[in-house]
Amino acid sequence: MKKALRKIVALLLLGVFLLSAVAGCSKKADTKASEKVLVIGFDRDAELLDTIKTAWYSDALIYIHDRLVSRDYEFGYRPGLAERWEVSEDGLVWTFYLRKGVKFHDGSDFTAHDVKWTIDTIKDPATGSPFRADLEAIKEVEVVDDHTVRIILNYPFPNLLFNLSNTAAGIHPANAYEKYGDDYGKKIVIGTGPYKLEEWIPGDRTVLVKNEDYNWGPEWMSNRGPALIDKIILKVIPDESSRIMELETGGIHILRNVPETYVEKLEKNPDITVYKEPATKLGYLAYATDKEPFNDVRVRRAINHALNREEIIQFVFRGIGEVAYGYLPPALKDEYLEESRELAYEYNPEKARQLLAEAGYPNGFKATLSADNSSKSSKLAEIIQRQLKEVGIETKIQLYDSASYTDMLKEGKQELFIREYSWPNADILDWFLLSERFPYPNHSRWRDPKTDELIMYAARRPTWAERAEAYKEVQRYLIEQAVWAPIYVPMQIIAVRKEVKNFKYHPWMLQYNDGFDIEVE
Amino acid sequence: MLKYIVKRIVLMIPVVTVMTLIVFSIFYFAPGDPVSRIAGPNVTPEVYESIRRKYGLDQPFIIQYLRFMKSVIEGDLGVSILQERPVIEMIKERLPVTLEIGLLGFLITFLIAIPAGVIAAVKKNTMVDYLCMSGTLLGTAIPTFWLGMLLMYFFAYKLRWFPISGYGTIRHLILPSFAIGLTNAAITARMVRSSMLEVLKQDYVRTARSKGLLEKVVIYRHALKNALIPVITLMGLRLGWIIGGSVALEIIFSIPGIGRLMVDSILARDYPVVQGSMIVLTSSIILANILADILYAIVDPRIRYS
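Line by line, the protein sequences give chains A and B.
Throughout, this note's numbering is defined as the position within the first sequence, counted from one, plus 674.
Throughout, this note's numbering is defined as the position within the second sequence, counted from one, plus 151.
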């Protein structure tokens, strides 16, 4: 029997080793000792490494591709692959003059044809690109010469600069799909960016290696040439506490979206610096505005008055976050309505009860309160439930996983519900509040001709400044109508280990190229 | 014997078919679809519909199901909606990772459970027995994922002997394998002990002892061999449990195994991947049980299949 046992043990061991070989366990190490390697932690991976075909981007794509337009630290639109651009008087013709001497990772030259192919592919309905609607304003793309491209619009649309500076607008080499076939977006991704794709193991890690030839970084970066870090590894760690432990033990160097609950602990750690900046996110309580009693503006205002937002930020976010008064995050400096705070509805349960009585609900009413099943949302739901109860609104909490939540909202079953958006542009209001977006993403079921008119007017102003002013008017109206009850603007929390030098916070991405360095241990 | 095995394997077909039908209906009738994930939150209904059409998700239930079964019969598990890769390729990448941890866990189970069970049985009602049995009681009571977190906290975070998470070297495998091995060893050791106690009461053990054989020989050669028979069945049944238990471990330790593939696909409603991995998992659990039955016959010549 001992022999038999030994055999079984030997067999099991053999199995483990064979499987290691199959699974590539004994494969070469990712790094060499002298290399500068930066590891960043993420909670989930993208399904495809393709800016055109998926809405959930891997951060890897920020570094693999360049865009025509870049965004600096102040959210200003600055040259990227386009050295400069001109707009015609009527705002309909945009001419972009492209940088010369730029090469793709496969060695081919970057030209106007690549820009045309990228935009045309996104706009082609057969591609099924989620980004297509963002480029609705574009009528056609004309190649003037190899280094000049003309974009002709259907209507004035200054927000083109935003859309062209998004991750989704990363420039691909022309005919990339034909050239690389099914492997494109999985094993091969070609851009002109500071990093090349070395390896992608979906759900596990993405390894990026420095592009030695890179010398066309945007002018506002302190280092326009090749990056100082040799390799970036984007590591997926789905479990929250494991991510924090990895950061503390040096397994990862940078962690974005640190949960508020860990901030105090990490701030005490001398090896770690925690950066907190207001995010371009907004959390709000919404309601089906086409159903009773939410179709009455007095009820909507009463709900706004019933919320003690300071308490919510203390309870749910440990005080890390800001109270939201308006419909846009204040980080959008140009568009944010400064007087939101004065116009908005302060915490006043007495006034809430009075408004409810005026609307014919002296004893309040009953409703469901829906949210997704994340721990943050369930905490929010609990405290909102308690605050609403104080003014007589009895709610029943219903939690959904994210796919079911979306479906429920599409079907229009919601009454009160909690949402958070993350988007650095005022056009988010178009998405959520235009009648044509009903019933989804216009989940607050707000069909109002005046809102439509104000938004369409704002979206099609010929210049950025006029557009920003017009969007303020939209916000003023939304506050008056109490279409939502805005609650909080969370902080973007980034934890960085001491090995990382010259880290500078950027509202949108981590600027590895900007003099950003790391010590090799 | 061969006939029996063939029969068992043929019987797998209806089981797997019923399973696919159940999983398919659950997903068809459950809310949510993969398009929201592809398209993101800011999508117009028109774009949304065009993506749905692209993947045939606008078709009625029966058409979608038949289409799926047809490709399964042709040996094709389909293509992931979100990753646009063949499901079989994704499973091939992920399954060995899970099996690797599972087998190492099995090995640890074996190495701990058998000595512990035997010692506890031989030294019945002594301090050693009580220690072993209270240890195993604790082991059966602790959920695998929690044990995994404890091991991670002490051995990776505090002592820094092992990496916290990830996959790639044998050092990454140790903690998750121990989490599986220890919890599994607990229940197995109890089984070995009770089975040993049963066997030690048998006449042939008394005969062996009265022949004047060494106690060691009696226990290991005569008693243990017979005591292991029920343990083999248990091990076969535990395979499903190990794969189930590894889902949570794969998330905690960030291991790209099939459990995580399944959870991610369920959350994203990537139907073909969920279906494909369910088919592979169900089949492997059935196969493991068949294997246990075969082993059973080899170890115990009294058992015959016809």
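Just so you know, even glycine gets a beta-carbon here, dropped at the ideal spot from N, CA and C.
Quick caveat: nothing in here was measured; it's all calculated off a predicted structure.
Contact under 9 Å by Cβ, residue i with residue j
{"i": "A/L956", "j": "A/P1136", "result": "no"}
{"i": "A/T769", "j": "A/I845", "result": "no"}
{"i": "A/F805", "j": "A/I796", "result": "yes"}
{"i": "A/A998", "j": "A/E951", "result": "no"}
{"i": "A/T880", "j": "A/L755", "result": "no"}
{"i": "A/G925", "j": "B/P314", "result": "yes"}
{"i": "B/G410", "j": "B/G332", "result": "no"}
{"i": "A/H1117", "j": "A/A960", "result": "yes"}
{"i": "A/E636", "j": "A/A1132", "result": "No statement about residue 636 of chain A is possible, as the shown extent of chain A runs from 675 to 1195 and does not include it."}
{"i": "B/M241", "j": "B/G408", "result": "no"}
{"i": "A/P830", "j": "A/R1121", "result": "no"}
{"i": "A/L712", "j": "A/H927", "result": "yes"}
{"i": "A/L809", "j": "A/L742", "result": "no"}
{"i": "A/R1150", "j": "A/L1011", "result": "yes"}
{"i": "B/L385", "j": "B/A272", "result": "no"}
{"i": "A/D945", "j": "A/K1172", "result": "yes"}
{"i": "A/L921", "j": "A/L908", "result": "no"}
DSSP bridge partner residues for residue i (one or two, in chain order)
{"i": "A/L871", "result": "A/L882"}
{"i": "A/E951", "result": "A/Q1166"}
{"i": "A/P1160", "result": "A/Y958"}
{"i": "A/F716", "result": "A/V910"}
{"i": "A/I1192", "result": "A/V1174"}
{"i": "A/K1070", "result": "A/T1042"}
{"i": "B/V356", "result": "DSSP lists no partner for B/V356."}
{"i": "A/K777", "result": "A/D783"}
Contact with chain B by residue i, beta-carbon distance below 9 Å
{"i": "A/I906", "result": "no"}
{"i": "A/V910", "result": "yes"}
{"i": "A/W730", "result": "yes"}
{"i": "A/M1082", "result": "yes"}
{"i": "A/P799", "result": "yes"}
{"i": "A/M1130", "result": "no"}
{"i": "A/G844", "result": "no"}
{"i": "A/M919", "result": "yes"}
{"i": "A/S1078", "result": "yes"}
{"i": "A/D794", "result": "no"}
{"i": "A/G957", "result": "no"}
{"i": "A/S1126", "result": "Checking the displayed sequence, the identity of residue 1126 of chain A turns out to be Asp instead of Ser. Chain B contact via Cβ: absent."}
{"i": "A/E872", "result": "no"}
{"i": "A/Q988", "result": "no"}
{"i": "A/E721", "result": "yes"}
Min CB distance residue i to chain A below 9 Å
{"i": "B/S435", "result": "no"}
{"i": "B/Q234", "result": "yes"}
{"i": "B/I325", "result": "no"}
{"i": "B/I189", "result": "yes"}
{"i": "B/F219", "result": "no"}
{"i": "B/T339", "result": "no"}
{"i": "B/F404", "result": "yes"}
{"i": "B/E244", "result": "yes"}
{"i": "B/Y304", "result": "yes"}
{"i": "B/R420", "result": "yes"}
Proximity test, Cβ basis, 9 Å: residue i and chain E
{"i": "A/E922", "result": "No chain E is part of this structure, whose protein chains are labelled A and B."}
Own chain, CB closer than 6 Å to residue i, minus 5 neighbours either side, in chain order
{"i": "A/D964", "result": "R1119"}
{"i": "A/Y949", "result": "I1168, Y1179"}
{"i": "A/N889", "result": "G899"}
Residue i: CB within 8 Å of a non-hydrogen atom of the ligand FAD
{"i": "A/V1163", "result": "The model depicted lacks the ligand FAD and carries no ligand whatsoever."}
Proximal residues to residue i (C-beta, below 7 Å), its chain only, five neighbours per side dropped
{"i": "A/R718", "result": "V910, P912"}
{"i": "B/G290", "result": "L333, T334, A336, A337"}
Same chain, Cβ closer than 8 Å to residue i, neighbours up to 5 away in sequence not counted
{"i": "B/V166", "result": "T433, I437"}
{"i": "A/Y869", "result": "A734, Y737, I738, L882, V883, K884, N885, A901, I906, Y1186"}
{"i": "A/L1073", "result": "S1044, A1045, D1046, N1047, S1051, S1052, A1055"}
contact_flag[the region 968-980 of chain A, the region 1153-1167 of chain A] where n(CB pairs < 8 Å) is 3 or more: Yes, the region 968-980 of chain A touches the region 1153-1167 of chain A.
Any 3 or more C-beta pairs closer than 8 Å across the region 987-1003 of chain A and the region 153-163 of chain B: The region 987-1003 of chain A makes no contact with the region 153-163 of chain B; the number of CB pairs closer than 8 Å stays below 3.
Any 3 or more C-beta pairs closer than 8 Å across the region 315-328 of chain B and the region 374-391 of chain B: Taking 8 Å as the limit for Cβ pairs, the verdict is that the region 374-391 of chain B does not touch the region 315-328 of chain B.
Cβ pair count under 8 Å reaching 3, the region 278-298 of chain B against the region 330-347 of chain B: Yes, the region 278-298 of chain B touches the region 330-347 of chain B.
Inter-stretch contact at 8 Å, needing at least 3 Cβ pairs: the region 169-182 of chain B / the region 1076-1095 of chain A: Put simply, the region 169-182 of chain B touches the region 1076-1095 of chain A. At least three CB pairs are less than 8 Å apart.
At least 3 beta-carbon pairs within less than 8 Å: the region 208-222 of chain B vs the region 1089-1108 of chain A: No, the region 208-222 of chain B is not in contact with the region 1089-1108 of chain A.
Touching by the beta-carbon criterion (3+ pairs, under 8 Å), the region 776-790 of chain A and the region 844-858 of chain A: Contact between the region 776-790 of chain A and the region 844-858 of chain A is present, because at least three Cβ pairs lie under 8 Å.
Three or more C-beta pairs below 8 Å linking the region 809-816 of chain A and the region 746-764 of chain A: By the Cβ test, the region 809-816 of chain A is not in contact with the region 746-764 of chain A, since fewer than three Cβ pairs between them sit closer than 8 Å.
Inter-stretch contact at 8 Å, needing at least 3 Cβ pairs: the region 382-400 of chain B / the region 161-178 of chain B: As far as the Cβ criterion goes, the region 382-400 of chain B does not touch the region 161-178 of chain B, which means the pair count is below three.
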